[in-house]
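Visitor:
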Amino acid sequence: SLKMASDSPESLMTLCTDYCLRNLEGTLCYLLDNETLRLHPDIFLPSEICDKLVNEYVELVKTDSVFEPHESFFTLFSDPRSTRLARIHLREQIVQDQDLEAIRKQDLVELYLTNCEKLTAKSLQTLVSFSHTLISLSLFGCCNIFYEEENPGGCEDDCLVNPTRQVLVKDFTFEGFSRLRFLNLGRLIEGVNVETLLQPLASLAALDLSGIQLNDVGFLTQWKDSLVSLVLYNMDLSEEHIQVIAQLRKLRHLDISRDHLSSYYKFKLTRRVLNLFVENLVNLTSLDISGHTMLENCTIPSMEEKMGQTSIEPAKSSIAPFRGLKRPLQFLGLFETSLCRLTHIPAYKVSGDKNEEQVLNAIEAYTEHRPEITSRAINLLFDIARIERCSQLLRALQLVITALKCHKDDKNIQVTGSAALFYLTNSEYRMEQSVKLRRQVIQVVLNGMESYQEVTVQRNCCLTLCNFSIPEELEFQYRRVNELLLNILNQSRQDESIQRIAVHLCNALVCQVDNDHKEAVGKMGFVMTMLKLIQKKLADKTCDQVMEFSWSALWNITDETPDNCEMFLNYSGMKLFLECLKEFPEKQELHRNMLGLLGNVAEVKELRPQLMTSQFISVFSNLLESKADGIEVSYNACGVLSHIMFDGPEAWGICEPHREEVVKRMWAAIQSWDINSRRNINYRSFEPILRLLPQGISPVSQHWATWALYNLVSVYPDKYCPLLIKEGGIPLLKDMIKMASARQETKEMAR
47 SLKMASDSPE SLMTLCTDYC LRNLEGTLCY LLDNETLRLH PDIFLPSEIC
97 DKLVNEYVEL VKTDSVFEPH ESFFTLFSDP RSTRLARIHL REQIVQDQDL
147 EAIRKQDLVE LYLTNCEKLT AKSLQTLVSF SHTLISLSLF GCCNIFYEEE
197 NPGGCEDDCL VNPTRQVLVK DFTFEGFSRL RFLNLGRLIE GVNVETLLQP
247 LASLAALDLS GIQLNDVGFL TQWKDSLVSL VLYNMDLSEE HIQVIAQLRK
297 LRHLDISRDH LSSYYKFKLT RRVLNLFVEN LVNLTSLDIS GHTMLENCTI
347 PSMEEKMGQT SIEPAKSSIA PFRGLKRPLQ FLGLFETSLC RLTHIPAYKV
397 SGDKNEEQVL NAIEAYTEHR PEITSRAINL LFDIARIERC SQLLRALQLV
447 ITALKCHKDD KNIQVTGSAA LFYLTNSEYR MEQSVKLRRQ VIQVVLNGME
497 SYQEVTVQRN CCLTLCNFSI PEELEFQYRR VNELLLNILN QSRQDESIQR
547 IAVHLCNALV CQVDNDHKEA VGKMGFVMTM LKLIQKKLAD KTCDQVMEFS
597 WSALWNITDE TPDNCEMFLN YSGMKLFLEC LKEFPEKQEL HRNMLGLLGN
647 VAEVKELRPQ LMTSQFISVF SNLLESKADG IEVSYNACGV LSHIMFDGPE
697 AWGICEPHRE EVVKRMWAAI QSWDINSRRN INYRSFEPIL RLLPQGISPV
747 SQHWATWALY NLVSVYPDKY CPLLIKEGGI PLLKDMIKMA SARQETKEMA
797 R
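The opening position of the sequence shown corresponds to residue 47 in this note's numbering, with each subsequent residue numbered one higher.
(1) Find out if the Cβ-Cβ distance for the pair residue 657, residue 690 is shorter than 8 Å.
(2) Are the stretch 148 to 155 and the stretch 110 to 117 touching, with three or more C-beta to C-beta distances below 8 Å?
(3) Taking Cβ to Cβ, would you say residue 174 is nearer than 8 Å to residue 136?
(4) Could you have a look at residue 409 and say whether DSSP puts it in helix, strand or coil?
(5) Taking Cβ to Cβ, would you say residue 256 is nearer than 8 Å to residue 453?
(6) Starting from the N-terminal side, write out each stretch of the beta strand (DSSP E) that is 3 residues or longer and does not extend beyond the stretch 130 to 173.
(7) Looking only at its own chain, which residues have a Cβ that is under 7 Å from the Cβ of residue 724, when we skip the five neighbours before and after it?
(8) How far does the beta strand (DSSP E) with residue 359 in it extend, from its first residue to its last?
(9) Helix or strand or just coil, what does DSSP make of residue 707?
(10) Starting from residue 496, trace the beta strand (DSSP E) both ways and give me its first and last residue.
(11) Consult DSSP for residue 340 and reduce its assignment to one of helix, strand or coil.
(12) Considering only residues of the same chain and omitting the five flanking positions on each side of residue 410, which have a CB-CB separation below 7 Å?
(13) Please name the residue, chosen from 176, 459, 187, that lies closest to residue 159 on a Cα-to-Cα basis.
(14) Between the Cα of residue 263 and the Cα atoms of 250, 287, 269, which residue gives the shortest distance?
(15) Helix, strand or coil for residue 395? Go by DSSP, reduced to three states.
(16) Between residue 229 and residue 258, is the Cβ-Cβ spacing less than 8 Å?
(17) Helix, strand or coil for residue 689? Go by DSSP, reduced to three states.
(18) Could you give the distance in angstroms between the alpha-carbon of residue 254 and the alpha-carbon of residue 305?
(19) Rank 316, 323, 339, 292 by C-alpha distance to the C-alpha of residue 307 and give the top, closest one.
(20) Between the Cα of residue 381 and those of 364, 539, 403, spot the shortest distance and give me the residue it belongs to.
(21) Give the straight-line distance between the Cα atoms of residue 198 and residue 212, rounded to the nearest whole angstrom.
(22) Which value, in whole angstroms, describes the spacing of the CA atoms of residue 617 and residue 574?
(23) Closer than 7 Å by C-beta to residue 611: which residues in its own chain qualify, once you throw out the five before and the five after it? Chain order, please.
(24) Evaluate residue 744 with the Cβ neighbour count: other Cβ atoms within 10 Å of its Cβ, from every protein chain shown; 16 or more gives buried, anything less gives exposed.
(25) Return helix, strand or coil for residue 228, following the three-state DSSP convention.
(26) Report the option in 61, 107, 68, 99 whose CA atom is closest to the CA atom of residue 451.
(27) Could you pull the DSSP bridge partners for residue 365 from this structure?
(28) Roughly how many angstroms separate the alpha carbons of residue 584 and residue 636, rounded to a whole number?
(29) For residue 495, which option in 517, 533, 524, 483 has the closest C-alpha, if you only look at C-alpha atoms?
(30) Grouping DSSP H, G and I as helix and E and B as strand, with all else coil, what is residue 313?
(31) Kindly list the residues whose CB is nearer than 6 Å to the CB of residue 535, restricted to its own chain and excluding five residues on each side of it in sequence; keep chain order.
(32) Following the continuous beta strand (DSSP E) through residue 82, name the residue where it begins and the one where it ends.
(33) According to DSSP, is residue 213 helix, strand or coil?
(34) One question on the structure: do residue 439 and residue 478 come within less than 8 Å of each other, judged by their Cβ atoms?
(35) Alpha carbon to alpha carbon, what distance is there between residue 235 and residue 143?
(36) Taking 7 Å as the cut-off, does the CB of residue 356 come closer than this to any heavy atom belonging to the ligand PLP?
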């Protein structure tokens with residue numbers, strides 16, 4: 047079912063929501079006074095649609111760098127007569143006090159505020175307006191929501207330094223929140239009295255007090271008849287805590303896990319504590335004790351532990367206290383404990399570090415609120431993907447994508463997640479991945495490149511992009527990928543390996559794409575960037591892959607794109623060409639790439655006069671004799687000269703070398719090539735060659751063009767015969783055979 051889920055197209059609801067959010071002005075809204083968004087007066091939307099609009103908006107602002115947030119977005123939902131909100135999930139810096147204030151008339155049932163650090167005590171007051179309807183509330187990580195600004199009375203000198211002081215609000219309680227059942231206060235700021243805060247709540251069903259240190263939790267027993275879920279992650283426990291928990295007999299989910307790296311805990315788990323839970327909490331279906339140290343051995347003898355088929359039956363449990371369970375647990379958290387490596391664990395789902403299944407369960411369970419744990423779990427997945435084979439590939443990919451999206455600014459997750467993606471997208475897994483999933487990977491990789499200038503993340507992201515078919519699979523983000531890569535290449539200090547991968551990607555991106563793509567990338571500064579890289583390498587006197595890829599990329603981006611050819615000339619490209627030729631006389635691959643590029647420049651009639659200097663013509667003529675890279679360098683030099691000759695004797699504005707002398711050398715070169723040569727070149731169109739056929743001004747150019755066509759269609763008939771026919775080459779050749787000026791050997795070849 048997972049395979050199908052990842053393959054199915056987005057729902058119409060999702061597509062419409064996305065479209066409306068990206069085009070608010072053209073759909074739901076108009077602009078008042080050119081700045082404030084206003085809803086069209088005839089629009090009435092139910093909560094199913096409004097909730098999705100708000101939740102998707104938050105998601106887009108968070109994960110899509112191109113999406114622009116709107117100052118007045120939340121005011122669209124200020125009037126419940128036209129827009130209804132019921133269940134909304136807001137995150138991080140996106141939400142401010144005035145946004146909650148804007149929707150205070152709504153009858154919210156569910157409000158999740160996760161890590162909304164910009165919210166202050168003003169928002170506590172706004173919460174009161176939802177008190178009569180609110181059932182679920184999360185204030186997880188809203189570290190400033192209990193602070194208000196206080197203006198000091200007498201204004202002394204310190205007024206200027208710190209005009210507002212943050213003071214803790216002491217008098218707020220959940221008085222009047224009569225329907226509130228689910229409450230998450232995770233990472234609540236120290237100094238707030240949790241007991242007083244919660245006192246007025248009549249019947250809590252779920253409470254999350256992650257990361258809060260409370261010495262006395264006796265007050266929890268006031269909900270012993272209603273509390274079904276209790277999370278005390280990272281709370282330092284004591285015997286008193288355990289006794290209170292044991293009285294909460296309705297509990298179905300208990301989480302007392304901890305991050306074993308975060309600080310020193312006195313508390314150690316014992317067999318007795320686990321026995322106490324099993325005996326008293328008879329409804330328990332989910333228990334998390336991750337990160338705990340066991341004070342004593344809770345396991346059965348190892349001979350017995352190794353026997354028989356792996357079982358989840360409590361009676362066979364390797365963890366002795368759990369033999370008292372009535373039925374297997376739905377979930378058991380054992381991440382970073384020694385217990386997860388045992389054979390018989392009485393639970394359907396276990397989080398741990400023993401194998402892929404346990405690691406994926408850990409990533410799934412902890413991503414939302416515990417990035418510190420998640421990054422270590424992803425690191426384990428990275429090892430599995432690198433060394434073994436992932437058996438739950440789609441699930442693994444989706445979990446890593448979710449974690450990277452959710453924690454865009456968490457360095458550890460970005461580093462481990464981007465590394466895991468590289469191994470999860472490589473060729474052996476290719477067949478199992480849908481287009482949609484691979485696009486999601488590309489999106490998070492580009493997000494990572496955008497928000498993180500950190501070397502490891504940049505390298506991992508670039509390497510991951512190399513796992514895709516380029517340019518095809520990156521076409522949908524073409525502009526953005528190019529901008530990001532050029533940005534990397536334009537940085538003054540560069541990591542060698544990243545530079546090499548980025549140039550390789552740039553080259554692949556401009557190979558075999560439409561001319562409008564090439565023009566767009568040219569306008570982004572592509573030509574200039576490549577020439578700068580070449581300049582740097584020249585200064586270091588190194589001809590490495592970066593040098594060769596840069597010339598190759600210029601060859602690709604100038605193909606049938608006159609604007610880019612002109613840029614090459616304007617930015618002193620010819621000077622660099624001559625310097626490279628002189629500095630690296632033996633580098634065949636380099637010579638081929640440079641001459642391929644000059645062939646593109648020579649195809650542009652307006653630019654040819656700039657090639658008409660004694661120095662350039664001499665260089666091209668000498669390269670006719672080159673044996674570099676088979677015939678390629680000689681062939682390309684001859685191609686450049688063929689276009690120049692095609693402009694006729696009157697365009698030959700130099701005394702040395704003589705035109706006739708160069709023509710003679712061109713004939714000699716062509717006659718020396720093997721007509722069956724295999725080629726290191728790729729033509730998308732024959733148009734520039736075909737235009738040299740119907741003319742009598744330069745028989746040698748005509749001969750070069752005919753030789754080129756003859757060689758390509760005879761060595762690669764399947765590829766080039768259809769192209770020759772499609773572009774009207776046959777009648778042109780027939781006409782040429784009748785021409786008096788054409789040489790006999792040219793006609794023979796044409797025939």
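Ideal Cβ positions, reconstructed from N, Cα and C, are used throughout, including at glycine.
Guide: Taking the geometry as given:
(1) yes
(2) no
(3) no
(4) Here residue 409 sits in helix by DSSP.
(5) no
(6) 133 to 137, 156 to 160
(7) 761
(8) It is not in any beta strand (DSSP E) - residue 359 carries neither H nor E in the DSSP assignment.
(9) For residue 707, the secondary structure class from DSSP, reduced to helix, strand or coil, is helix.
(10) The continuous stretches of beta strand (DSSP E) do not include residue 496, which lies in the alpha helix (DSSP H) extending over residues 481 to 497.
(11) strand
(12) The residues are 445.
(13) 187
(14) With distances taken between Cα atoms, residue 263 lies closest to 287.
(15) strand
(16) no
(17) Helix.
(18) 16 Å
(19) 339
(20) 403
(21) Residue placement at residue 198 cannot be trusted, given a pLDDT of 48 that sits under 50; what the coordinates show is reported in the next sentence. Approximately 10 Å, taken between the alpha carbons.
(22) 7 Å
(23) 604, 646, 647, 650, 653
(24) Buried, because 16 or more other Cβ atoms sit within 10 Å of the Cβ of residue 744.
(25) strand
(26) 107
(27) 345
(28) 13 Å
(29) 533
(30) coil
(31) Within the same chain, residue 535 has close Cβ partners 548, 575.
(32) 82 to 85
(33) strand
(34) yes
(35) 18 Å
(36) Ligands in the displayed structure: none, and consequently the ligand PLP is not present.
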